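Reviewing the structure listed below.
Number of protein chains: 2
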Amino acid sequence: MRKPVTSGRTGIPRRRGDELEAAILDAVWAELVEHGYGRLTMDGIAARARTSKPVLYRRWPNRVELVMAALGRNAPDYQDPPDTGELRTDLLVFLRGLLHRFDDLPVDAVHGFLVDLMRDPELRRVFRAALTDGGPVETLSVMMHRAAERGEINPARLTPRVVALPLDLLRDTFMVGGEVASDQVIAEVLDEIVLPLLRAPSNG
Amino acid sequence: MRKPVTSGRTGIPRRRGDELEAAILDAVWAELVEHGYGRLTMDGIAARARTSKPVLYRRWPNRVELVMAALGRNAPDYQDPPDTGELRTDLLVFLRGLLHRFDDLPVDAVHGFLVDLMRDPELRRVFRAALTDGGPVETLSVMMHRAAERGEINPARLTPRVVALPLDLLRDTFMVGGEVASDQVIAEVLDEIVLPLLRAPSNG
DNA sequence: TCTTTAAGAAACGCAACGTATCTACGAGAA
DNA sequence: TTCTCGTAGATACGTTGCGTTTCTTAAAGA
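Residue numbers (the numbering used here), protein chains in the order written: chain A, 1 to 204; chain B, 1001 to 1204.
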């Protein structure tokens, strides 16, 4: 037996499809802003979106994937690769922009999410793919190859591992440090590591 | 009111102090081997150690710290810095040894633990400190400075960030990849990144 | 022997996940 | 306009696992 329900009197008319989905993803974002990732709960999201948990689980299999969708939706697209004519500036500008994509959220929100991503093999795979296929690593590659054509760096250095290097290092800094790298840290990574390496002659 | 207890008839006499602690840490290790980190539970540990949860919590504030203690206890100390006369070999040997310290455990156990470590700011701090103060980064530094004295590499390159570079990269590989870097990956990191950078002349 | 410390057992409270069940709304078909 | 079907929405549940509380009692030490 079940007590008759007053029916969805949340005040707003019943939403569906894209409208509902948008409301949910916005709610995720808002909850992230307010509570960070550690205190993000499915109940909280459902409540904030004025819907219910089953609605969430009909669309996303779990919390991480829901947050992934929310981040993907609300994050600003990162810019086209800068082309200032000097690799150092290109990298600095691009990496800075990349690291500050989620500045609207508390650090913990992004950090916690990233850490959580790493727990699932499949999500790690997705993450790695997102970096390369049309992702920031590709952008880095473009910038570096342009610099190589300009003669700024040694083209022989441009292996996949090296191209991804700045990103890998800054991500590690973020993971272990818990804070977004400052402009100075970015500059140090470039000036102490990435650029000297790229400029190093073969058989140096 | 409480039903009178048959008293700790687990068969073994009541243990205390170091003996008990050792049994607990061994139990953690065994549970890690059997279930990995994802399915490691405090109840499971207590049961396996033939003790009870309060005993665990009297000693360690939470799961991560307990596991930390278990890893610290059971892991073999890593060797003295190798000194083969050639930096590449030194690094290769040392890093390989470092990465295989926990080969008795399933990969997931170490990976899951590391990921979990990153979730707590205080534990991140502890982790960073463990790397430098008497940790592997210090060993790297020793090996690199010896190489610099031999004239193998450019001493001006030896900033803290560069010294830690191989470790940072391989850790990132582990975190994002979920697998311990193979010997080949270690070699690639050294041959494509670390060594060319260390050898690069200043103002190259 | 007496005292004190801590082991050990059991159960609890809590948070959060993910699911099951049911009602009822509303868009599109008939 | 009416019917119907998909799904929104509400609620409650089962589960897991953490960390705690409470109590009894073994055993170390004075």
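Heads up, the beta-carbon is just placed ideally off N, CA and C, and yes, glycines get one too.
In this text the structure is predicted, and so the values were computed from the model without any measurement.
Once you ignore the five residues that flank residue i on each side, which residues in its own chain have a CB closer than 8 Å to its CB?
| i | result |
| --- | --- |
| G38(A) | D108, G112 |
| P1004(B) | Residue confidence is low: P1004(B) scores 34 on pLDDT, short of 50, so the model does not pin down where it sits. No coordinate-derived value is stated. |
| L1131(B) | V1137, A1164, L1167 |
| A1156(B) | S1202 |
| R16(A) | none |
| D120(A) | V64 |
| N1154(B) | A1148, L1198, R1199, A1200, P1201, S1202 |
| E19(A) | none |
What do you reckon, are the CB atoms on residue i and residue j nearer than 8 Å?
| i | j | result |
| --- | --- | --- |
| G36(A) | P82(A) | no |
| F1127(B) | V176(A) | yes |
| L1071(B) | A1181(B) | no |
| G1044(B) | R124(A) | no |
| I1193(B) | L165(A) | yes |
| L1034(B) | R161(A) | Before going on, a small fix: residue 1034(B) reads as Glu here, not Leu. Not in contact: E1034(B) and R161(A) (Cβ atoms no closer than 8 Å). |
| L1198(B) | I1186(B) | no |
| V115(A) | M1118(B) | yes |
| L190(A) | L92(A) | yes |
| A1200(B) | P61(A) | no |
Give the range of the alpha helix (DSSP H) segment to which residue i is assigned.
| i | result |
| --- | --- |
| T51(A) | First-last for T51(A): undefined, no H or E at that position. |
| E1118(B) | It should be pointed out that residue 1118(B) corresponds to Met in this sequence rather than to Glu. Neither: M1118(B) is in no alpha helix (DSSP H) and is coded neither H nor E. |
| Q184(A) | 183 to 188 |
| S1141(B) | 1136 to 1149 |
| D1062(B) | Here residue 1062(B) turns out to be Asn, not Asp, going by the sequence shown. Here N1062(B) belongs to no alpha helix (DSSP H), and DSSP marks it neither H nor E. |
| G1017(B) | 1017 to 1035 |
| A1164(B) | 1160 to 1177 |
| P196(A) | 195 to 199 |
| L91(A) | 87 to 99 |
Using a Cβ-Cβ cutoff of less than 6 Å, which residues in the same chain neighbour residue i once the five nearest sequence positions on both sides are dropped?
| i | result |
| --- | --- |
| L87(A) | A147, E152 |
| I24(A) | A49 |
| T1173(B) | A1181 |
| M1143(B) | P1081, D1090 |
| Y57(A) | none |
| T139(A) | P81 |
For a contact meaning CB atoms closer than 7 Å, what does residue i contact in chain B?
| i | result |
| --- | --- |
| D168(A) | L1169, D1172 |
Since residue i meets chain A, which of its residues come closer than 8 Å, beta carbon to beta carbon?
| i | result |
| --- | --- |
| M1175(B) | M118, D172, M175 |
| L1099(B) | Result: empty, since nearest Cβ-Cβ is about 15 Å, beyond 8 Å. |
| V1115(B) | V115, M118, R119 |
Who are the near neighbours of residue i in its chain, counting only those whose CB is closer than 7 Å to its CB and skipping five residues on each side?
| i | result |
| --- | --- |
| S141(A) | V163 |
| A75(A) | R101, F102 |
| W1208(B) | Nothing about residue 1208(B) can be read from this structure; chain B reaches only from 1001 to 1204. |
| H145(A) | L158 |
| V1110(B) | F1102 |
| R59(A) | E21 |
| M42(A) | K53, L56, R63 |
| L1095(B) | P1166, L1170, I1186 |
Could you list which residues in chain A have their beta carbon closer than 7 Å to that of residue i, in chain order?
| i | result |
| --- | --- |
| E1019(B) | Correct list: empty, because the minimum Cβ distance to chain A is about 35 Å. |
| E1192(B) | T159, R161, V162 |
| L1165(B) | I193 |
Give me the chain B residues within the contact set of residue i, using Cβ-Cβ distance strictly less than 9 Å, ordered along the chain.
| i | result |
| --- | --- |
| F127(A) | V1176 |
| A200(A) | P1196, L1197, R1199, A1200, P1201, G1204 |
Given that residue i touches chain A, what residues does it touch there, using C-beta distances under 9 Å?
| i | result |
| --- | --- |
| G1112(B) | R119 |
| R1124(B) | M175, V176, G177, G178 |
| E1188(B) | T159, R161 |
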